[in-house]
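*Asks:* Chains as they are written, first to last, in my numbering: chain G, 1 to 167; chain F, 1001 to 1102; chain X, 2001 to 2633; chain D, 3001 to 3504; chain H, 4001 to 4497.
Even for Gly, the Cβ is constructed at its ideal location relative to N, Cα and C.
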Amino acid sequence: MTYEEVIFYVVAAVAVAGALGVVTARNVVHSAVFLILALMAVAAVYVLLASEFLAIVQVLVYGGAVTILILFAMMLTRVRDQAGPVDGPQRPFAAFAAAAFMTTAIIVALETDWRGNSTEEATVVDINAIGNALFTTWAIPFEIASLVLIVALIGSTVLARGEEGEG
Amino acid sequence: MIPIENFLVLSAVLFSLGMYGVLARRNAVLILMSVELMLQAVVINFISFAVYLHPEAFTGVIFAVFVIVIAAAEVGLALAIVLRVFRNRQISNVDEADLMKW
Amino acid sequence: MGMEQAWLIPAIPAVAFVFLLFAGAYLPRRGDFVAILAIGAAFLLLFPVLIDLLDKAEGTDYTAGVKSWEWVQFGDFEINIGFYVDPITIVMLAVVTLVALLVQVYSVAYMHGEPRYGWYFTVMCLFAASMLTLVLADNLLLMYAAWEGVGFCSFLLIGFYWEKRSAAEAAKKAFITTRIGDVGFLIGIIMLWEKAGTFNIQEIIAFAEGGGYDSTYLTAAVLFLFMGAVGKSGQFPLHVWLPDAMEGPTPVSALIHAATMVVAGVYMVARMLPVFEVADAIALDLVMLAGLITVVISSLMGLAATDIKRVIAYSTLNSLGLMFIALGSGSVTAAMLYLFVHGFFKALLFLGAGSVIHATHKQEIDELGGLARKMPTTAITFGIGTLAMIGIIPLSGFWAKDEVLIFAEEEQNLIVYLIILASLVITGLYMARLFIRMFLFESRDPESYSHAHEGGPLITVPLMILGVLAVIGGFVVLDEVGEALGFAGGFGQFVLEAGHPHEYEFHADTAIISTVLAAGGAALGWFLWQGRAETATRVRETFAPIAALFANRFYIDELYQFLINRVVLTLSAIVSWFDRNVVNDTGVDGSAGLTYFTGFELKFLQTGKIPNYALAISAGIIVLALVMIATQV
Amino acid sequence: MEYVLLALVLIPVLVCPLFMLLPSQYPQLTRYVAALTGGVLFGLSLLVFVVYQFDGGAGLRYELQWDWLENVGFLGENGITFYLGVDGIGAPLVLLNGVVILAAVFVSWNITHRTKDFFVLLFLLVSGVYGVFVSQDLFFFFFWYEVAVLPMYLLIAVWGSSSHFGTFTRTKEYGAMKLTMMLVAGSVLIFIGIFALFVEAGAGTFDMTEIRRVGEEGGIDEDFQKWCFPLFMVGFGVLAGMWPLHTWSPDGHVAAPTGVSMLHAGVLMKLGAFGILRVGIMLLPEGADFWAPVLMTLGVTGALYGAVSALTQTDLKYMVGYSSVSHMGYVLMGLASMNEIGVNGAVLQMFAHGVMTALMFTNVGAVYDQAHIRDMTQFGGLAKQMPRHSAFFTIAGLSSLGLPGLAGFVAEFHIFVGVFKAGYWWAGGLGILAAAITATYILRMLARAYFGPANEKWADLKEMRIGEQFSAALLIAMILFMGLWPMPFIDRISQTVETIPGIN
Amino acid sequence: MPDSTSLDWELLAPEYILAAWAALVISADIFWGRLSKEQLGWFAALGFVIAGGVSLIWWDDSRQFGELADINDYTTIFRVFFCGIGAFACIISAKYVSERLLHPGEYYGLILVAVVGANGMAAAHELLTAYISLELMSFSLYVLTSYAKFDLRSNEAGLKYMLLGAFSSAIFLYGIGLMYGATGTTQYAGMSEVLSGDIEDIEWSVYLGLAMMIGGLGFKVAAVPFHMYTPDAYEGAPIPITALISALSKAAAMAFFLKLFTQAFIPLIDDWRYFIAALAVLTMALGNLVALQQRNIKRLFAYSSIGQVGYLLVGIAALSQDSASAIVLHMIGYVVTNLAAFTCIILYYNWTSKEEIYEYKGLAERAPYLALCMTIALFSLAGMPLFAGFATKFVLFQAAANEDMLWLAGVASFFSFVSLYYYLVVIREMYLGEPEERTRFRTPVLEYTALTVLTAGVFLMGLYPKPVFDIVEDGTESIFAGVEVDGGDGGAVLSEP
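Okay, here's the thing in structure tokens:
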């Protein structure tokens, strides 16, 4: 049990706890907060996976933009005042399905004998290589991704913006 | 060093929790958050595969990047739609939005 | 011009039919003369054919004339339109053409002023054509075709007054009843073909005598054939149509339902008799039995009938029964002889009755009487016919009946013989009754009586001719007469008995017995029905139930009616109910409805709620994954 | 000459757009065009029938083969070809179609509602029928088969009539829908059968002559034939009105307008029997041999069942409809006898039933047009007002009850002989019995509605229209032609039938 | 290591044109006031025409863009096809949008961009590219679905489509991840190379990954049980968008599905074909059965399209080059027919704002030509002859039968028979119903022209599909290059080049 492992288990525990909070918290705002927690923990996991770059992206994009966005949305949709419970009637089925899937996925993860470099070692990926690849090897995805962002932008403006004569 | 299985199991757990959230929650925003969790799990998968198994091409890492980007965009767009629904009908609970059925 | 041209005999009326059908309406007198000329020509053509036959004959073995055309041929299957002339044919031809000619002439007066006057003659031509084809046909199929053809004509003519509901019904009844017999006829034909591979009668006979058929098979086949005869010749149990058939114009009854069509059955059996004889004995016994039963019930029913035409109709049944008894006893000669003379005196009776009806417009026996004073010719000729029918020596009926009796005595057991004798008495009884009630004593309906009068020559002349024939017709049995006419000998020398001539000898005992019985019957009739017929009334009252039984024809018609209404129609109703409710509404619509309902149930899966949809997706994934792993790993 | 078949198939299709272009305010013009087309088709059909000469082989004549789809996917050298050709069995049926369409056009003269559309659909139907009779390619066979079904729904549902009974009602929509759905359900089975057959034959072509050749060389396994034949038997059987899948036929015929009933009962039902023969028996002889008893049983059942249930029908059209079921039962019997005589009889019966049932519908239509009811118990003594009409109807009836000298007898007799020859005594006997029952209900109807005392209620009925009289005359001419001189039909048919494998 | 050489950007010209045209349209909407809203639609259509024309440059050419996409006949066919769909979508939208929607510029822009995504899906031979393109298309469609801002059903449709789309793409991604982990690549070719070898050790993750990818794709093509969003999205979306979804997203997803399973997963065909078959059966059954119950024409078409997907899946289950061509053929036929039908629906809606089936009563009186075309389209969808549906279905099912999938073909033909019923119901309304008023509608020239073109297409496909079939064959050849399938048991191996 190396210290990395210790760290991993801690982080993982936090992440799982956060996730649990997200999906179980009675109060919606709390689950938002739990989400932040979970995301941060996951960022830490990235670090453990020797991808600091992604960790940073994660913190910036999620810790910043996404959660703020979500909180705004909650505020605007006055989630608090929504009548009725937070969870739907099909919760037990949900639990069952999730459990079933979890078992399957875990078994798969353990049963599979993953091919690759035998040294159980996370190789550090050089950021330059990534950047380089993004613009050369992965040019199409990159450009399309930009289109996706534009679409999302236009879409959300068109849909969200209030028209004249609308309260 | 940490064996890859740990990360995979972690992602499996996160993914399932997210799935549970999607299935169990009523509020659109909460469902979105759960989806985000699932995507996180996916990202963990990709990265761990990349760095442990196939570092030479690190396709997984690239994939992860794009997934994060898409996820962010998704949230934005989805929230816009949720907002639109709320404006028109004062609801954000998805199971109340069943004008159309059968 | 000889036997090879025999086909012209039916051809001429056929042509006349087509001509009248299209042109008749535009001819003067609706073209009745065309019909008469056609049938007359056919009658005349008979003689060259006969002469040719006699010329070609050596002693008493006659070489038949044959002429045939191919109608259908493929593979080894062929159907011919063939004509065949031999003594039996000649006898039949003689009756048909002669009676037909006389009846046509008679009709000109009788049918005068009818609506559809032209139509009557048109159909008559068709009938003549079909009937003659039936007679001349050399193969069973052509015979069957003509057989149906005459049935159809009788349908048209019985239904001649179709505005009368009763006429329409009678026509229907006649056609359907005979049709039931024809089912058997057709089956029989096909069965005979199936083994012999031919429809030709002579070839079939040869094949049968060559033992080509397994005997039970053959028995079945001939019995099916006989079904056809039973239907056509109104034998029990298919006799019910004939009395009703009297709805048609009287000349029609005379021609079709007395002289010609109804004897077609006899003719057919006579033709096929060799085959019958090859078959098991039971076949001929059944033929005889059918005849016997018919004889009995018909004479009893005749006793109670009040419609003069119906009475004659029953007498016809009676005669037909005797013919079948003769056939059942294996005698072609007797049967054909009876057929021959029967044609004349029965036609005579009908035409006489017709003349009475024409004069009085009454045919209920109780509304007539004393007409002898008003219409002597009719009375005399009718009397002759009656006596001939009863079989008083030396009238024609006697000789024929005598032959039958002789054969019955030889071939059948005593009971049968006695039954026949008994029937003679009854026949005498009701024929006498008929004559007495029609012509003697005073009329019971002065009004119609007052303006009754003898018909014109067109009516009386045929009556006289037939009267003469009814008197002398029987003498052909005597060799002397036959030779005088240029035949090898008497009737038995001409119409051979299973290939070899049949000598006629006079059995004094039989003659005496039969004549005495018949005369006795007649005398008894006189005793009962003389004057106001109080005696008869008293007798009827004493035996009221039996009288009712006879009057209601043993309730056989009622029985059939019941069967048709209750059984057949109910069955049909059940089937159509089954068709609508089970096959259609349950089977077809049911399955459709089931599909529709499945859709109705399934659509509720679509709850419109996002979580449910998501659940469906994840469930799908998980099941897919688990099954895949389970099966593949 | 090889283009005559093409003309037969295409003229009706090509005339449809022409109809659409015609100005709809002159319905008379449309009718004339329709009549002209019908005449042309009749002429061409007659030509085909008359000049047809058997010349060895499978007896195909006027063949015309155009590539349609080949060398793509699973399709080989001549995968799907537009292959027309008529054999001795097709020729009489082509003539039948020509006769009936011409008659139907004149009978439909009084269609006033959307005349154009009516004739468009009618001729579409006709082209489908021609296509089936002359297609030698399995794909196009089925193609045209479906084309023939295609317009039925609208034809019945738009121009048809609903009938009300005391306890229940059959709306025209119902009849139309049931008819369409059942026929298409049948073609599902045919569809499957064709797929299987194509794979089994493995010749990469839908050319029937080719597949037949493969079969004769034993390329089609016997077990395969045994399970594949029922698909065709039942699938086509639906259209042939095979018991118990016949229920579309009475209701459909009743709902349909006269002209359509004529075509449908007269010609379309034949497609089913024709399909069983052309695809089922010709391509899968061993399977046919194996299933013949079943087919025979179903055929007899249909014949008796139809006749018996016709006995109590009071609606004229229902009576005719059930009689169609009964007569198609004979056709199936003839096919099931699997010998030359029987199959000849079956084809003859297809023609005979076609003309006589068309004639019957013509007459029913003629009286329905005026009286607007079809309940025979309401009528009586119609022969007074409509003598010709009654005569025509009587002739039709007599033909269908098998009176010698008319078409029905020739056909039915051959069938019975064939059935007996094949050793089905019981079937033959029952079949003949059914013919007697036919006589019963026909005469019952005639006595009820046409003879007997005239019913004053209908004193104002007039003789049938001259056009209808023409149609009736035409059909009767055909009935007499076949009834008196069947040889022209028989030698065309028999020579082809001889060549069919499995027919002894 | 994917080589970063040979990035010849001109290969992507059509996509660039489309994207640029989108910008052009949007800005034209903002700055060029003289351009009426309808003309804007036609303008967008023009862009599609240009892009489609340009993409023809690479016909009969086989090029690769890096390791990501290849530009061959398959791609070209679909590029042209998608551009065609887009063009028609724009034309038939024009009136509708100008009368009922805000922001036409963005509307057309999004359609253009969606087509870019679709092209990417068809072109990619690598999962990341395919996935991103998929998302691009989906995003545009999410927006367009909820484009009628103040129509509650439209919003709701958008919400459902969006959320479930996100959910399913998460699943899809997880599947991709597993597959990537197992095979170490996202290249189709690379994957099938690994999979055709011995996969004893990685089979767990392979099969889970496969299952989840099937699920994700199943969602996009709307296969039961992943179809749930379809009816609601179809019903809620503005009608032209309904048409677009039913045509574009289905076709693109199917192109992706086909290419992926052909080039990557065919070595495992015996493992997955029966699952696809099962999905196919479920899809056909549910789609057609529930369609019997529908009252709303859009919803009816949603279910009928589900049924059609079932038929396409039949082809996938019996995957071989023949069935691949058959699939593409049927898809083209189906899309053309569907567009024709939707053109009619839109026109009727423009006139009367009605979309319930019973409200179509008497259409034949008021607009005979429209009713005629609608009838033709419906019969074609039901697989009746003379029209596209018959020929293409026949070929498709026969192809399935050739791969020992006769039973499946049988099921398929049975359900296509069931489908006839609900199409007939619509026809009945049009021809038998009594219209409220008998006034004829005035005929809009452009739409009628488009309708005529589409109907002509339906007839062409039905009466002489040879030319189309030949083209399609070239396309499928190019994706089957190097892949060899032996029919019958369907086992497949990768032949050594």
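1. What does a CB cutoff of less than 6 Å around residue 3448/D pick up in its chain, not counting 5 residues either side in sequence?
2. Is the beta carbon of residue 3062/D sitting closer than 8 Å to the one on residue 3146/D?
3. Can you look up residue 3310/D in the DSSP assignment and give me helix, strand or coil?
4. Alpha carbons only, please: which of 2577/X, 2005/X and 2224/X is nearest the one belonging to residue 3167/D?
5. Taking a Cβ distance cut-off of 8 Å, strictly less, list which residues of the stretch 4083-4112 of chain H are near chain G, in chain order.
6. Mapping the DSSP letters down to three states, classify residue 2577/X as helix, strand or coil.
7. Under the DSSP definition of a beta bridge, which residues are partnered with residue 1093/F?
8. Quick check on the DSSP output: what are the complete alpha helix (DSSP H) runs of length 4 or more inside the stretch 2191-2271 of chain X, in order along the chain?
9. Leaving out five residues on either side along the sequence, give the residues of the same chain with a beta carbon under 6 Å from the beta carbon of residue 2516/X.
10. Go ahead and label residue 3106/D buried or exposed: buried means 16 or more other beta carbons lie within 10 angstroms of its beta carbon, across all protein chains shown.
11. Contact criterion: CB-CB distance below 8 Å. Does residue 4374/H meet it with respect to chain D?
12. From residue 3232/D to residue 4310/H, what distance separates their C-alpha atoms?
13. Taking all protein chains shown into account, do 16 or more other C-beta atoms lie within 10 angstroms of the C-beta of residue 3514/D, making it buried, or fewer, making it exposed?
14. Taking the alpha carbon of residue 3497/D as the point to measure from, which residue in 3042/D, 3343/D and 3175/D has its own alpha carbon closest?
15. Under 8 Å, do residue 73/G and residue 1085/F count as touching if we go by C-beta distance?
16. Report, in whole angstroms, the separation of the C-beta atoms of residue 4413/H and residue 3188/D, which I expect to be a contact under 8 Å.
17. In the DSSP assignment, find the unbroken beta strand (DSSP E) run with residue 2084/X in it and report its ends.
18. Just to check my reading of the structure: residue 4284/H and residue 4143/H have Cβ atoms closer than 8 Å, yes? What is that Cβ distance to the nearest angstrom?
19. Alpha carbon to alpha carbon, what distance is there between residue 4416/H and residue 1079/F?
20. Looking only at its own chain, which residues have a Cβ that is under 8 Å from the Cβ of residue 4071/H, when we skip the five neighbours before and after it?
21. Can the beta-carbon of residue 176/G be found less than 8 Å from the beta-carbon of residue 37/G?
22. I want to see whether chain H comes within less than 8 Å of residue 2174/X, judged by CB atoms only; does it?
23. In chain order, what residues of the same chain lie with their CB nearer than 8 Å to the CB of residue 4490/H, ignoring the 5 residues before and after it?
24. Which residues mark the beginning and the end of the beta strand (DSSP E) in which residue 2070/X is found?
25. List the residues that DSSP assigns as beta-bridge partners of residue 3135/D.
26. DSSP three-state label for residue 3506/D, please.
27. Between residue 25/G and chain X, is the shortest Cβ-Cβ distance under 8 Å, so that the two count as touching?
28. Could you tell me the distance, in whole angstroms, from the CA atom of residue 3241/D to the CA atom of residue 3247/D?
29. Within the 8 Å Cβ cut-off, does residue 3453/D reach chain A?
30. Between residue 4014/H and residue 4251/H, what straight-line distance do the alpha-carbon atoms span, to the nearest angstrom?
31. Can you find a C-beta in chain F that's less than 8 Å from the C-beta of residue 2610/X?
*Replies:* Taking the geometry as given:
1. In chain order, 3376 place their CB closer than 6 Å to the CB of residue 3448/D, counting only its own chain and leaving out the 5 sequence neighbours on each side.
2. Going by C-beta atoms, residue 3062/D is not nearer than 8 Å to residue 3146/D.
3. Helix, per DSSP.
4. Nearest option by C-alpha distance: 2577/X.
5. The residues in question are 4102, 4103, 4106, 4109 and 4110.
6. If DSSP states are grouped into helix, strand and coil, residue 2577/X belongs with the helices.
7. According to DSSP, residue 1093/F shares a beta bridge with 1027/F.
8. Counting only runs of 4 or more residues that sit fully inside the stretch 2191-2271 of chain X, the alpha helix (DSSP H) segments are 2201-2209, 2215-2232, 2241-2244 and 2250-2254, in chain order.
9. Counting only Cβ-Cβ distances below 6 Å, and skipping sequence neighbours, we find nothing.
10. Counting Cβ neighbours within 10 Å, residue 3106/D comes out buried, since at least 16 surround it.
11. Against chain D, the CB of residue 4374/H has no partner CB under 8 Å away; the residue lies outside that interface.
12. If you take the alpha carbons of residue 3232/D and residue 4310/H, they lie about 26 Å apart.
13. Any answer about residue 3514/D is impossible in this case: the structure gives chain D only from 3001 up to 3504.
14. Nearest C-alpha to residue 3497/D among 3042/D, 3343/D and 3175/D: 3343/D.
15. Not closer than 8 Å, so no.
16. Indeed they touch by this definition, with Cβ atoms about 5 Å apart.
17. Here the beta strand (DSSP E) through residue 2084/X covers 2077-2085.
18. Not confirmed; about 31 Å, so no contact.
19. For residue 1079/F and residue 4416/H, the distance between alpha carbons rounds to 40 Å.
20. Here the set comprises 4011, 4058, 4061, 4062, 4063, 4064, 4065 and 4123.
21. Shown here, chain G extends from 1 to 167; a query on residue 176/G therefore has no answer.
22. So no, residue 2174/X is outside the interface.
23. With a pLDDT of 39 at residue 4490/H, under the threshold of 50, the modelled position of this residue cannot be trusted; read the value that follows with caution. By the criterion of a C-beta distance shorter than 8 Å, residue 4490/H is surrounded in its chain by 4269, 4270, 4273, 4318, 4319, 4320, 4403 and 4404, once the five residues flanking it on both sides are discounted.
24. Here the beta strand (DSSP E) through residue 2070/X covers 2065-2074.
25. According to DSSP, which records beta bridges pairwise, residue 3135/D is partnered with 3084/D.
26. Because chain D here runs from 3001 to 3504, residue 3506/D falls outside it and cannot be looked at.
27. No, residue 25/G does not count as interfacial toward chain X.
28. If you take the alpha carbons of residue 3241/D and residue 3247/D, they lie about 8 Å apart.
29. Absent from the structure is chain A; the protein chains it does hold are G, F, X, D and H.
30. One alpha carbon belongs to residue 4014/H, the other to residue 4251/H, and they sit about 18 Å apart.
31. Yes, contact with chain F.
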